[in-house]
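Chemist: Mind looking over this structure? Questions follow.
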Amino acid sequence: MTVILSIPAILPTTALAQTPTSFDPATIIGWERHSFSGETGYTLSQRNAHRGVRAECDEGSASGLVYREGIDLTRTPIIEWRWRIVEPISRGTPRQKSGDDYAARLYAVDEHPILRWRTRAMNYVSTTQAGVGDHWSNAYADQATMVAVDGSDEGAGWRTHRRNLREDFARFHDRDITEIDTLAIMTDCDDTDDRAEAIYGTIRLLGE
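Taking mature numbering (1 follows the signal peptide of the UniProt record, and there is no 0), I'd label the letters of the sequence shown as residues -17 to -1, 1 to 191.
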């Protein structure tokens, strides 16, 4: 399965000023749906005090929820999010196309709609098939860097992650960027034909 690198959009001139600093599950579930193969099921979930976007992937599906507005990284360079892995991908090698599936992933994209080859993306993933902190180029598109932020086993509970997007784009892509064009979440299982389930919580954009 390829990665979200380019979804054509024309941003309004006021997009950066209007960017929210927090996306709760009720907002995320309304993001644009983008399919590569079938439809991963995304629904609002409430369990105890935790509300989230439940993603259920089977029958080889791969689709995501996409936010397509500019985000000013000079103001909010840090992204923080929560997710819980209910059922992880249990097989495959992530560095190969046959294993490019993840129970949970968060995308951040610096898009160039004209010069597509200049588009770069960070993918933060949960995978039991790599060590936390490992990173590699995506098997389908080497403009995207994959970073394993956890290897949550089933029932591991909620995990909170925080990354500095400006620092990561500089480190992994040698690119000093001031904004990104796209955020997305995705749970996919089309390459391994495994089953996966995760719950996504609130995504926050923070200053340093």
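Cβ coordinates follow ideal geometry from the N, Cα and C atoms, glycine included.
1. Tell me which residue opens and which closes the alpha helix (DSSP H) that P11 is part of.
2. Using DSSP with H/G/I as helix, E/B as strand and the rest coil, what is Q82?
3. If the criterion is Cβ atoms closer than 9 Å, does the pair D117 and D164 meet it?
4. Within the continuous alpha helix (DSSP H) that includes L148, where are the two ends?
5. First and last residue of the beta strand (DSSP E) that includes R58?
6. Please confirm whether G13 and S46 have their CB atoms less than 9 Å apart.
7. Mind checking whether S120 and Y85 have CB atoms under 9 Å apart?
8. Using CA coordinates, which residue listed in E52, M169 and R30 is at the minimum distance from R16?
9. Kindly indicate which three-state DSSP category R101 falls into: helix, strand or coil?
10. Count Cβ pairs between the segment 67 to 85 and the segment 146 to 163 that sit closer than 8 Å; are there 3 or more?
11. Within the chosen definition, does the segment 169 to 187 reach the segment 20 to 36 through at least 3 CB pairs nearer than 8 Å?
12. Of all the options S18, P8 and D157, which has the alpha carbon lying nearest to the alpha carbon of G184?
13. Contact check, D55 vs E191 under 8 Å by CB: the rounded distance?
14. Of the residues P77, A87 and R158, which one's Cα is nearest the Cα of T123?
15. Go ahead and pull the three-state DSSP assignment for W64.
16. Between which two residues does the beta strand (DSSP E) carrying C40 extend?
17. With DSSP collapsed to three states, give me the class of R142.
Modeler: Put simply:
1. The sequence given here places Ile at residue 11; Pro does not occur at that position. Its alpha helix (DSSP H) spans residues P8 to I11.
2. First, the amino acid is wrong: residue 82 is Gly here, not Gln. Three-state DSSP puts G82 in a helix.
3. no
4. L148 to H156
5. Looking at the DSSP string, R58 is not in any beta strand (DSSP E), and its letter there is neither H nor E.
6. no
7. no
8. M169
9. helix
10. no
11. yes
12. P8
13. Contact flag wrong, Cβ pair sits at about 13 Å.
14. A small fix is needed here, since residue 123 is Tyr in this sequence, not Thr. Cα-wise, what sits closest to Y123 is P77.
15. strand
16. H33 to C40
17. strand
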